[in-house]
Amino acid sequence: MTASNGTNGTDGNKAEAVVDVSIATQPNDLDAIPVLLKEITAGVGDLSAGGDEARHNLLIKARTMVQALESPRETMIKHCWGQTGVLAGLNFGVDAGLWELMARNGDRPQKVSELAASLDVDPVLLGRLMRHLGAMGYIKETGLDEYQPTNFSKSMSLPMIGDGYIAMTSCTGAAPLRFHEYSRKRSYKNPTNARDTALMYAYSTEKDMFSWQQSLGYGTHFNHHMSGYRQGRIPWSDPTFFPVEERLIAGADQGPEAPFLVDIGGSIGHDIMEFHRIHPNTPGKLILQDLPVVIGQIKKLDPAVTAMEHDFLTEQPVKNARAYYMHSCLHDWPDDVCAKILAQIKAAMKPGYSKLLINENVIPSTGAYWETSALDMVMLTLFCSKERTEGD
């Protein structure tokens with residue numbers, strides 16, 4: 008694969024004149040290691056009593072130390088070769104049923120030849136993919152062509168985890184990879200046109216992300232991915248997150264036909280069913296709205312929830328509800344489209360009675376967490392939209 012040890016092109020020569028090539032093989036920040044080691048050691052002691060927050064803080068420190076120890080050359084190889092190979096292997100495993108099979112087989116070491124025979128796949132191909140996943144730590148190598156599941160690989164058998172890889176890489180992955188081309192051809196301006204996205208450019212399609220996924224048969228995968236994204240997050244209807252009793256139930260119309268909560272763009276009902284679980288005795292109706300293709304994917308819905316086909320860019324058919332709720336919908340759209348969406352809701356609201364609840368991430372001015380900034384990159388490359396900041 009090696010073509011040359013030199014650097015070709017004007018840009019490469021300019022970079023060599025400014026930066027000495029030797030730094031590419033030196034640790035990124037060796038001086039930071041002693042302090043990080045002390046902080047990590049202290050963090051380990053906090054794990055038993057500190058709960059998930061202590062684990063999260065320790066994870067940040069550990070990730071920082073890995074980045075400090077890595078050389079730029081190692082980081083580059085990890086990104087360009089390692090992680091792309093990981094995605095190939097993980098997606099293959101989801102599609103072929105590898106992760107489900109390994110999970111059913113239990114925690115014992117498992118031979119590539121036996122797995123390949125059960126899956127009816129080429130053992131040479133499977134062995135190559137599993138070797139790389141083992142080298143990267145996603146499964147545990149226990150012998151020659153033999154691997155043991157990890158908590159991660161077992162979780163990959165769950166649709167809410169495994170299907171996310173298919174939904175967010177196999178049919179959208181070219182958008183971030185070709186974003187530089189897309190941006191160059193648009194004079195490096197921040198994109199805001201929902202009808203001219205990097206995804207459309209990368210795949211030569213006029214479809215938006217959701218229509219594109221549906222056309223390839225990955226709509227259900229995306230719904231599962233959204234379910235996985237919600238795992239471990241406090242539901243908005245939890246009393247520690249939002250005071251539903253005080254703000255919504257108190258003062259609400261008690262009539263059985265009165266609309267109480269309308270979950271707009273609520274997918275297959277993750278949030279509204281969780282709401283009903285936490286607040287089973289709310290008055291009036293609970294209504295779930297989404298596009299027909301999404302509503303059609305619902306396999307099980309609590310009888311207390313009414314599913315309704317609706318495009319939120321059109322007139323809101325449910326009038327005078329106590330609350331209109333949107334979760335991670337507005338971040339999919341640039342400001343001008345958001346204004347149109349909100350105008351439709353405003354027209355349906357009863358002044359002094361109805362409330363609009365918007366559940367979205369807000370990125371702080373400094374110190375952004377990588378999950379939120381990563382989601383902003385998804386919005387940028389797939390939708391020409393954004394995760395909004397405190398300044399917005």
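This note's numbering numbers the first residue of the sequence shown as 8 and each following residue consecutively. Yeah, the Cβ is synthetic: ideal placement off N, Cα and C, and Gly gets one too.
On the criterion of 16 or more Cβ atoms from any shown chain inside 10 Å, does residue i qualify as buried, or is it exposed?
i, result
"Q90", "exposed"
"G150", "exposed"
"F229", "buried"
"Y360", "exposed"
"P371", "exposed"
"V300", "exposed"
"M333", "buried"
"I173", "buried"
"T14", "With a pLDDT of only 44 at T14, under the threshold of 50, the placement of this residue in the model should not be trusted, and no figure is reported."
"I302", "buried"
"F248", "exposed"
"D400", "Residue coverage of the chain in this structure runs from 8 to 399, which leaves residue 400 outside it and unanswerable."
Pull up the CB-CB distance for residue i and residue j, whole angstroms please, since I reckon it's below 8 Å.
i, j, result
"Q351", "E322", "6 Å"
"S244", "I285", "5 Å"
"G6", "L140", "Nothing in the structure corresponds to residue 6, since the chain is present only between 8 and 399."
"A328", "V269", "5 Å"
"M72", "L43", "4 Å"
"I271", "Y331", "6 Å"
"A355", "V325", "6 Å"
Which first and last residues belong to the beta strand (DSSP E) in which residue i is found?
i, result
"K410", "Any answer about residue 410 is impossible in this case: the structure gives the chain only from 8 up to 399."
"H286", "No beta strand (DSSP E) holds H286; DSSP gives it neither H nor E."
"H338", "That residue, H338, is in no beta strand (DSSP E); it is neither H nor E in DSSP."
Given residue i, which residues of its chain have a CB within under 8 Å of its CB, disregarding the five upstream and five downstream residues?
i, result
"A416", "Residue 416 lies beyond the stretch modelled for the chain, which goes from 8 to 399, so this question has no answer here."
"G104", "L126"
"P290", "I256, A259, D260, Q261, G262, P263, A265, F267"
"H283", "T289, L293, D309, A311, V312"
Can you give me the Cβ contacts of residue i inside the same chain, cut-off strictly under 7 Å, excluding the 5 residues immediately before and after it?
i, result
"S11", "Summary for S11: the model assigns pLDDT 46, below 50, so the residue's position carries little reliability, and this model does not support an answer."
"D53", "A61"
"D383", "I370, K393, E394"
"S160", "W106, M109, Y145, I146"
"M175", "H232"
Sorted by chain position, which residues of the same chain lie with C-beta nearer than 6 Å to residue i's C-beta, five sequence neighbours on each side aside?
i, result
"G16", "Model confidence at G16 stands at a pLDDT of 45, short of 50, so the residue's coordinates are unreliable and nothing is read from them."
"N366", "W243, H334"
"F319", "I271, G272, I348"
Counting along the chain, where does the alpha helix (DSSP H) carrying residue i start and finish?
i, result
"F248", "Taken as a continuous stretch (DSSP letters only), F248 belongs to no alpha helix (DSSP H), as it is neither H nor E."
"Q221", "216-222"
"Q351", "342-355"
"A314", "No alpha helix (DSSP H) holds A314; the beta strand (DSSP E) holding it covers 312-316."
"L43", "40-76"
"M386", "377-390"
"I302", "299-302"
"I365", "It is not in any alpha helix (DSSP H) - I365 instead sits in the beta strand (DSSP E) that spans 362-366."
Report task. Mind listing, in chain order, the continuous alpha helix (DSSP H) runs of no fewer than 4 residues lying wholly within the stretch 129-173? Result -> 130-142, 158-162, 166-172
Requested in this report: Scan the stretch 91-128 and note each continuous alpha helix (DSSP H) run of 4 residues or more that stays entirely inside, going in chain order.
Outcome: 91-103, 105-112, 119-126
Query raised in the report: Could you give the uninterrupted runs of the alpha helix (DSSP H) lying entirely in the stretch 224-284, keeping only those of 4 residues or more?
Result: 226-237
**Report entry** Sequence ranges, alpha helix (DSSP H) only - wholly within the stretch 168-210, length at least 4
**Finding:** 181-184, 186-191, 205-210
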